[in-house]
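Residue numbers (the numbering used here): 2 to 168.
Every residue, glycine too, gets a C-beta built ideally from N, C-alpha and C.
Notes for the one structure printed next.
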Amino acid sequence: SVSTNIHALHALRLLGKPAAGTSAYVEANRNPHGLWDNEKWHVSWLYPTAHAVAALAQGKPQWRDERALAALLQAQRDDGGWGAGRASTFEETAYALFALHVMDGSEEPTGRRRIAQAVARALEWMLARHAVHALPQTPLWIGKELYCPTRVVRVAELAGLWLALRW
């Protein structure tokens, strides 16, 4: 699967190991907009895209991807969140924030302003919907049927909210 290769690439890069073949595979599995949407384990394109951005940027301080950044910013909904389905979800908004966090570090000032504006809108959306003890309900993960690994998703949601709060 694409995400398995993305995770392998990230691990190899973290270890400082050569990963040209895996990197080429990950790059080749983008859609025409520069995003990753051919995922076996998750309904949303935001999950593999966030992880691919992190993997490709790992160990490359000047890494930039204008095509993916433009597509990600364009996909933000009018309400401030992100979602592959009919509505924004907290989980998918968190994944978008993970990718934007990685991209922000190597962007020019104009790009950083665009990212900051998107993050501010996402934070407003997240704060309006955040419930301290609520567990995620949207089944975006694929097994034999759709499911939601609540603890995994909740950690992603809280990490995304934390990133946005600290922006």
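- For the pair of segments examined, the segment 114–130 was found to touch the segment 63–79: the number of CB pairs separated by less than 8 Å reaches three.
- By the Cβ criterion, the segment 47–65 is in contact with the segment 100–109, since at least three pairs of Cβ atoms, one from each stretch, lie closer than 8 Å.
- In the structure shown, T111 falls within a helical segment according to DSSP collapsed to helix, strand and coil.
- Ranking V3, A100, P137, L164 by CA distance to the CA of N39 puts V3 first.
- Cα atoms of L57 and H134: separation of roughly 34 Å, rounded to the nearest angstrom.
- Of the residues assessed, H131 falls on the exposed side of the cut-off, its CB having fewer than 16 other CB atoms within 10 angstroms.
- With respect to W37, V27 sits close: the two C-beta atoms are nearer than 9 Å.
- By the C-beta density criterion, N32 is exposed, having fewer than 16 other C-beta atoms within 10 angstroms.
- In terms of Cβ geometry, Y96 and L47 form a close pair [threshold 9 Å].
- Taking each of V154, L16, P19, T23 in turn and checking the Cα distance to N6, the smallest one comes out for T23.
- Judged by DSSP secondary structure, L74 falls within the alpha helix (DSSP H) whose first and last residues are 67–75.
- When the beta-carbon positions are compared, G82 and S45 stay at least 9 Å from each other.
- With contacts defined as CB atoms closer than 9 Å, T151 and L141 fail to qualify as a contacting pair.
- The three-state secondary structure of T151, taken from DSSP, is helix.
- Per DSSP, the beta bridge partners of I143 are L147.
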